[in-house]
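Asks:
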Amino acid sequence: MKLMKRIVLATGALAMVAPAMAMAAEGDAAAMSGNIGSGLAAIGGGLAVIGGGIGIGLVGKGAVEAIARQPEASGTIGTNMILAAALIEGATLFAIVVAFLGG
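Just so you know, we're using the numbering used here here: the sequence shown kicks off at 157 and counts up by one.
1) The ligand SAM and G207: does any heavy atom of the ligand fall closer than 8 angstroms to the residue's C-beta?
2) Report, in whole angstroms, the separation of the C-beta atoms of G204 and F256, which I expect to be a contact under 8 angstroms.
3) Excluding the 5 residues flanking G201 on each side, which residues of the same chain have their C-beta closer than 7 angstroms to its C-beta?
4) Apart from the five residues on each side of it in sequence, which residues of its chain come closer than 8 angstroms, Cβ to Cβ, to E245?
5) According to the neighbour-count rule (16 or more other Cβ atoms, all chains shown, within 10 Å of its Cβ), is T232 buried or exposed?
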């Protein structure tokens with residue numbers, strides 16, 4: 157598993173660096189920084205999605221555990237879970253938009 161993870165990371169790093177190296181060979185520094193910025197924006201957007209997914213997963217996990225402990229409060233817990241998940245999703249979407257507009 158560790159080997160596969162390293163291969164994927166190396167491939168991703170190569171995919172990000174290759175266009176920058178090609179632009180550097182041509183001597184166009186402005187285009188090179190634009191490519192690097194776009195790559196970093198994509199990484200930022202991906203991290204935002206991963207963070208949002210983990211957050212919503214933890215909210216769901218907590219809600220299921222709470223409902224298992226107090227089944228009579230399932231309506232209130234479910235409502236609060238959906239509200240929290242919607243707020244996390246909104247923040248994630250905002251982070252993605254900021255990442256791609258900034259890149």
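Note that the Cβ used here is the ideal one computed from N, Cα and C, for glycine as well.
Keep in mind that this is a model prediction, so the values were computed, not measured.
Replies: The answer reads as follows:
1) Looking for the ligand SAM in the displayed structure turns up nothing, as the structure carries no ligands at all.
2) Rather than Gly, the amino acid found at residue 204 in this sequence is Ala. Not confirmed; about 10 angstroms, so no contact.
3) Within the same chain, G201 has close Cβ partners I252, A255 and F256.
4) Hits under 8 angstroms: G208 and I212.
5) The residue in question, T232, is exposed, as its Cβ has fewer than 16 Cβ neighbours within 10 Å.
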